[in-house]
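What follows is a set of notes on a single structure, which appears directly below.
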Amino acid sequence: MENSLRGRGQALGPTPPLPRHIQPQFRRPEEEQKIRLPRVEEDGQTSKRINSSERGSKGQPTELISNYFPITTYTDWSLYQYRVDFNPVQERTNIQRELLSAHNKFLGAYICDGKMLFSIKQFESDTTELVSKRNTDGQTVLITLKFTSVIKMGDYASIHVFNLLKRKFFGNLNLTLTGRNYYEADVKITFSNHKLQLWPGYETTVQDLLIERSKTRNANPQWM
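When you read off a place in the sequence shown, starting at 1, and then add 8, the result is the number in the numbering used here.
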């Protein structure tokens, strides 16, 4: 039976139309695009994207600056990724680095996050064992490196390597690591009345956006 239900309830007719004040609104694709894209103002050779919906209506305006730059690398490079195990287990990162540094000549150029080691060198065996001694107590530690994969330019894992390099560079600049960011402890500002200190610092990251945009820059030198 058309437009009815068979059962113990009442029959249902066609669905009544919605009231005018709650009718759904549909936009043409070109109108939808205009709404989603914020306004762009040209200022000489620079462009600034403005989205007024992200601005507050109260308080003191604050100017923030963010720097973006592409990473230029050789296109044919590759890294070899190895899993690192310490026996007995070493929890402290500085101890892990100390134990690995005893084999710098064998390892070649490498960087390690404590669990994974990335090297430009491919070892002869997929599993390599090294022996080191801790400087603190002379305890012997067995280091096992197991090959896991090859990382090439453009692989997502390369972003992790770039971030490790960035952290190493900041450490070489004698910046202080607090949490996940680096700060300049030597130029800290002290507010004695409030028992507070202000440490200038840097919040940085390497994202795949930079890798993708670097390809754009190769095709268009005027980009960035």
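All C-beta atoms in this analysis are idealised placements derived from N, C-alpha and C, irrespective of residue type, glycine included.
Predicted model, so just to flag it, every value in this text is computed and none were measured.
{"Asked": "Check whether the Cβ atoms of F126 and Q98 lie closer than 8 Å to each other.", "Found": "no"}
{"Asked": "Candidates Y164, P78, Y76, V149: which alpha carbon is nearest H111's?", "Found": "V149"}
{"Asked": "Hey, out of T101, Y76, K129, T136, whose CA is closest to W85's CA?", "Found": "K129"}
{"Asked": "Give, in chain order, every unbroken run of the beta strand (DSSP E) that is at least 3 residues long and sits entirely within the region 125 to 194.", "Found": "135 to 141, 148 to 160, 184 to 186, 189 to 191"}
{"Asked": "Taking buried to mean at least 16 other C-beta atoms within 10 Å of its own C-beta, is V195 buried or exposed?", "Found": "exposed"}
{"Asked": "Between K160 and L87, what straight-line distance do the alpha-carbon atoms span, to the nearest angstrom?", "Found": "6 Å"}
{"Asked": "Indicate the three-state DSSP secondary structure (helix, strand or coil) for L115 in the structure shown.", "Found": "helix"}
{"Asked": "Need the endpoints of the alpha helix (DSSP H) that K89 sits in, please.", "Found": "The sequence given here has Gln at residue 89, not Lys. It is not in any alpha helix (DSSP H) - Q89 instead sits in the beta strand (DSSP E) that spans 86 to 95."}
{"Asked": "Return helix, strand or coil for T2, following the three-state DSSP convention.", "Found": "The requested residue 2 is not part of the displayed model; the chain covers only 9 to 232."}
{"Asked": "Have a look at P208, V139, R91, I197 and flag the residue whose alpha-carbon is nearest the alpha-carbon of V158.", "Found": "R91"}
{"Asked": "Determine the direct distance from the alpha carbon of F170 to that of N75, and round the result to whole angstroms.", "Found": "17 Å"}
{"Asked": "In this structure, does DSSP put G15 in helix, strand or coil?", "Found": "For G15, the predicted model reports a pLDDT of 42, less than 50, meaning its position is unreliable; a value from the coordinates is still stated below. Coil, per DSSP."}
{"Asked": "So, for L115: in the same chain, excluding its five sequence neighbours on each side, which residues have a beta-carbon less than 8 Å away from its beta-carbon?", "Found": "L108, L125, S127, K129"}
{"Asked": "Within 10 angstroms of the Cβ of Y190, are there 16 or more other Cβ atoms? Answer buried if so, exposed if not.", "Found": "buried"}
{"Asked": "Go through its chain and collect everything with a Cβ distance to F131's Cβ below 6 Å, but skip five positions before and after it.", "Found": "none"}
{"Asked": "When the distance is taken between beta carbons, is F155 closer than 8 Å to D121?", "Found": "no"}
{"Asked": "Work out the CA separation of N102 and D143 for me, nearest whole Å.", "Found": "Note that residue 143 is Asn in the sequence shown here, rather than Asp. One C-alpha to the other measures close to 12 Å."}
{"Asked": "Provide the residue span of the alpha helix (DSSP H) that contains T101, from first to last.", "Found": "101 to 109"}
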